[in-house]
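Worksheet: one structure, shown below.
The structure is reproduced here in structure tokens:
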């Protein structure tokens, strides 16, 4: 069976067994993938309000109960501690660990958040014959910190992160139309064209992910990105935050089209 045709359950099982430790783009095509943020319950309300005020970079798909690691709405049989290929641990705003299992750092006061991921609308772009460079090259999508400020909530404040996809100018309008159908997974682009306008000086030096080649006849298109909470963590320095590693997403049981709008 092709990896793109794996059921979410089988894909998560393969990840849990250590048989897949790479970015999840292309796994279980047609199913929603999600960013993960895990915080102590004392910070969870502020973060939920932050997401509500910043739905483009932080569209909430599901929230666990305190010390529950099974996302009740999108994959109730899954385990958020083990079912992502790679996790990051932030302590006081610094990335201190990369790991493949959160079991021994997920404490009793933790709350897990799943946020929409651009991998969902990428499938829709491909179905509309719009090429995606990082998939063609077998790379992780390039992501950049910007000078766009998120709306603060409680202790949470800081810059938006965007993901970038180069495309021909005659594909840009169609890409806006296609991704606008998916507001729960970042929706339409937040910027098109000159990267310096949003504080990006070098498209070949992403803050997260991999650089991709950009051809002379192409325009960079930027979408709000679910890695934003990691930039927020670096900015506000919470005592502890657990996240997915960029590109290493959680695969849900929900179909992409379930989150699309007509």
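In the numbering used here, the protein residues as written are 38 to 299. For every residue, glycine included, the Cβ atom is placed at its ideal position computed from N, Cα and C.
- Within the same chain, 204, 208, 211, 212, 215 come within 8 Å of residue 167 by CB-CB distance, once the 5 residues on both sides are set aside.
- If you compare the alpha carbons of 142, 98, 138 with that of residue 151, the shortest gap goes to 98.
- For residue 126, the beta-bridge partners assigned by DSSP are 134, 279.
- By the neighbour-count criterion, in which a residue is buried when 16 or more other Cβ atoms sit within 10 angstroms of its Cβ, residue 177 is buried.
- With 16 or more neighbouring CB atoms inside 10 Å of its own CB, residue 266 falls in the buried class.
- Annotation for residue 274: 129, 130 place their beta carbon closer than 7 Å to its own, counting only its chain and skipping 5 residues before and after.
- Ranking 141, 93, 58 by CA distance to the CA of residue 126 puts 141 first.
- Proximity to residue 293 across 54, 247, 116, 162 peaks at 162, based on C-alpha coordinates.
- If you check the CB distance, residue 124 and residue 234 do not come in under 9 Å.
- When the five nearest sequence neighbours on each side are left out, the beta carbons in the same chain lying within less than 6 Å of the beta carbon of residue 113 are those of 107, in order along the chain.
- Contact between the segment 44–61 and the segment 256–266 is absent: fewer than 3 CB-CB pairs across the two stretches fall below 8 Å.
- By the Cβ neighbour-count rule, residue 109 is exposed, with fewer than 16 other Cβ atoms within 10 Å of its own.
- Per DSSP, the unbroken beta strand (DSSP E) holding residue 197 starts and ends at 196–205.
- In this structure, residue 85 lies near residue 100, with their beta-carbon atoms less than 9 Å apart.
- For residue 266, the enclosing alpha helix (DSSP H) has its first and last residue at 265–273.
- Contact between residue 146 and residue 78 holds, with the beta-carbon distance rounding to 5 Å and staying under 8 Å.
- Linking residue 246 to residue 272 through their CA atoms gives a straight-line distance of about 19 Å.
- Here residue 91 has 187, 188 as same chain residues with Cβ atoms under 6 Å from its own Cβ, once five neighbours each way along the sequence are excluded.
- Around the Cβ of residue 42, a 10 Å sphere holds fewer than 16 other Cβ atoms; the residue is exposed.
- Excluding sequence positions up to five before and after residue 184, its CB lies within less than 8 Å of the CB of 196, 235, 236, all in the same chain and listed in chain order.
- It is roughly 10 Å from the alpha-carbon of residue 173 to the alpha-carbon of residue 249.
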